[in-house]
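Enquirer: Under our numbering, read the sequence shown as residues 2 to 316, first letter to last.
Note that the Cβ used here is the ideal one computed from N, Cα and C, for glycine as well.
As the structure is a prediction and not an experimental result, all values here were calculated from the model.
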Amino acid sequence: MLNEKQEAQKLKEVVEAKEMTASFEKNMAEKLEQECKEQLSKELAKLEEAKKELSKIKEKDLVEMRSYTKPPTTIRIIMEMILILLGRKIFVDEHMKGKKKVRTPNYWKSIQEMLKSIKKLRDDLDKYDKKKLPIPEDVIDQVNERLDALQAEKSPQQISGAMLGVYEWIETILAYDKAEKDVMPKKEALKEAKEELEKKTEECKKSQEELRTIEARRDELEIMFRTQNSEKESLKQAIADCQAKLLRAQELNDRLKGEKKSWSEKAKKLKEEESNLFGDIILSAGYAIYFGPFSRSTRRNILTQVWICLLYTSD
Numbered sequence: 002m003l004n005e006k007q008e009a010q011k012l013k014e015v016v017e018a019k020e021m022t023a024s025f026e027k028n029m030a031e032k033l034e035q036e037c038k039e040q041l042s043k044e045l046a047k048l049e050e051a052k053k054e055l056s057k058i059k060e061k062d063l064v065e066m067r068s069y070t071k072p073p074t075t076i077r078i079i080m081e082m083i084l085i086l087l088g089r090k091i092f093v094d095e096h097m098k099g100k101k102k103v104r105t106p107n108y109w110k111s112i113q114e115m116l117k118s119i120k121k122l123r124d125d126l127d128k129y130d131k132k133k134l135p136i137p138e139d140v141i142d143q144v145n146e147r148l149d150a151l152q153a154e155k156s157p158q159q160i161s162g163a164m165l166g167v168y169e170w171i172e173t174i175l176a177y178d179k180a181e182k183d184v185m186p187k188k189e190a191l192k193e194a195k196e197e198l199e200k201k202t203e204e205c206k207k208s209q210e211e212l213r214t215i216e217a218r219r220d221e222l223e224i225m226f227r228t229q230n231s232e233k234e235s236l237k238q239a240i241a242d243c244q245a246k247l248l249r250a251q252e253l254n255d256r257l258k259g260e261k262k263s264w265s266e267k268a269k270k271l272k273e274e275e276s277n278l279f280g281d282i283i284l285s286a287g288y289a290i291y292f293g294p295f296s297r298s299t300r301r302n303i304l305t306q307v308w309i310c311l312l313y314t315s316d
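1) Just to confirm the assignment: which complete beta strand (DSSP E) runs, minimum length 3, are found wholly within the region 171 to 217?
2) Quick check on the DSSP output: the alpha helix (DSSP H) that includes Met302 runs from which residue to which?
3) What number of angstroms, rounded off, separates the C-alpha of Leu222 from the C-alpha of Glu216?
4) Inspect the beta-carbon positions of Thr74 and Val93 and report whether they are closer than 8 Å.
5) Pairs of beta-carbons, one from the region 115 to 127 and one from the region 145 to 153, closer than 8 Å: are there three or more?
6) Is the distance from the Cβ of Ile79 to the Cβ of Met164 below 8 Å?
7) Would you say Gln113 and Arg67 are within 8 Å of each other, going by their C-beta atoms?
8) Given this structure, state the Cα-to-Cα distance separating Arg300 from Asn254, to the nearest angstrom.
9) So for Glu107, helix, strand or coil by DSSP?
10) Tell me, please, whether the region 55 to 66 touches the region 200 to 208 by the rule of three or more beta-carbon pairs shorter than 8 Å.
11) Should Val1 go down as buried or exposed, given a rule of 16 or more other Cβ atoms within 10 Å for buried?
12) Going straight from the alpha carbon of Glu266 to that of Cys310, what length do you get?
13) Do Ala176 and Lys47 have their C-beta atoms closer together than 8 Å?
14) In terms of residues, what are the limits of the beta strand (DSSP E) holding Lys98?
15) Which residues does DSSP pair with Lys101 in a beta bridge?
16) Excluding the five sequence neighbours on either side, which residues of its own chain have a C-beta within less than 8 Å of the C-beta of Val103, listed in chain order?
17) Should Glu54 and Glu169 be called a contact, given that it needs their Cβ atoms to be closer than 8 Å?
18) With a CB to CB cut of under 7 Å and the five nearest residues on each side skipped, what residues in its chain are close to Lys110?
19) Where does Tyr129 land, buried or exposed, given buried means 16+ other C-beta within 10 angstroms?
20) How should Leu84 be labelled, buried or exposed, when 16 other C-beta atoms within 10 angstroms of its C-beta is the threshold for buried?
21) Could you tell me the alpha carbon to alpha carbon distance between Ser298 and Val307, rounded to whole angstroms?
22) Check each candidate in Ser56, Asn107, Glu49 and name the one with the smallest Cα separation from Lys71.
23) Looking only at its chain, what residues have a beta carbon closer than 6 Å to the beta carbon of Ala51, apart from the 5 residues adjacent to it on each side?
24) How far does the alpha helix (DSSP H) with Gln143 in it extend, from its first residue to its last?
25) Can you give the Cα-Cα distance for Thr314 and Leu271, rounded to whole angstroms?
26) Take Ser263 and list the residues in its own chain whose beta-carbon comes closer than 7 Å to its own, dropping the five residues that flank it on each side.
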């Protein structure tokens with residue numbers, strides 16, 4: 002049972018150490034998760050606000066925009082950025098330049114195609130942060146080129162109406178994407194921390210189960226030990242009682258040995274007296290008959306001074 006106790010104590014120390022490690026891993030994971038949330042919360046709030054502004058854009062404004070054959074530069078650049086961010090198909094025009102065939106992207110034709118399904122466009126923009134992030138770097142580069150073009154023309158200050166909400170959404174989604182990429186290492190670390198926590202928790206559970214098994218075995222052995230120890234004490238008491246009884250029996254036996262000699266002598270004497278019993282009876286009867294009328298003192302004198310003397314002197 003001592004081995005079980007030592008094993009249980011060692012395993013208990015291991016379990017406590019694993020529990021401390023798991024608790025530390027859990028705290029680290031929670032801290033990383035909180036940092037990620039805090040880092041993204043501001044940009045996420047801005048993004049939600051930008052989505053609300055997008056929802057305010059009237060369908061008729063978009064329908065009107067689609068009807069343009071030569072849109073204003075601001076509208077064209079902003080919608081090109083939307084087209085690129087959404088990854089929509091870009092039509093290509095082919096024409097001859099001298100003897101060489103040239104392929105030129107027709108962004109506005111592609112934008113007009115995109116504007117044919119305004120509901121789909123709204124849905125894609127609303128769910129963009131959930132489906133399209135992170136934005137590929139080549140897409141970021143194309144969008145930044147157009148943002149630079151807007152800045153060069155000083156057109157951002159001239160944006161108004163429906164395009165203002167779209168422009169703000171673009172800026173916000175780019176900022177949110179940057180924030181997402183900034184926290185990506187922390188998210189990776191968080192993922193690893195959670196995996197490690199899960200691993201440590203599983204190990205801890207297994208160790209706890211082993212500890213419960215060993216403790217149950219230890220408790221069972223302790224019960225057996227107490228039962229057997231109680232039986233041992235009972236046996237010791239029984240042995241002590243038997244030894245006391247044996248001692249008393251020995252003493253009695255020793256006493257009886259001394260009485261044996263006395264009883265043997267008495268038996269021998271009684272045997273001798275038995276042979277004289279008939280004569281003794283006759284003498285006693287004669288004594289009672291013949292000396293009965295005399296006094297006690299006279300009977301004693303006749304017995305001791307006359308009769309006994311005659312018996313010893315007669316042949």
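Expert: Taking the geometry as given:
1) none
2) The sequence shown places Asn at residue 302, not Met. Taken as a continuous stretch (DSSP letters only), the alpha helix (DSSP H) holding Asn302 covers 297 to 302.
3) Between Leu222 and Glu216, the alpha-carbon positions lie close to 10 Å from each other.
4) no
5) no
6) yes
7) yes
8) 47 Å
9) What sits at residue 107 in the sequence shown is Asn, not Glu. Residue state, collapsed to three classes: strand.
10) no
11) Summary: the structure shown does not reach residue 1, with the chain confined to residues 2 through 316, and so no result is reported for it.
12) 28 Å
13) yes
14) Start and end: 92 to 98.
15) According to DSSP, which records beta bridges pairwise, Lys101 is partnered with Lys98.
16) Glu95, His96, Met97
17) yes
18) Phe92
19) buried
20) buried
21) 13 Å
22) When the alpha-carbon of Lys71 is set against those of Ser56, Asn107, Glu49, the nearest one is in Asn107.
23) Around Ala51, the same chain offers Glu169, Trp170, Thr173 as residues with beta carbons nearer than 6 Å, after the five sequence neighbours per side are excluded.
24) 138 to 153
25) 25 Å
26) Excluding sequence positions up to five before and after Ser263, its CB lies less than 7 Å from no other CB in the same chain.
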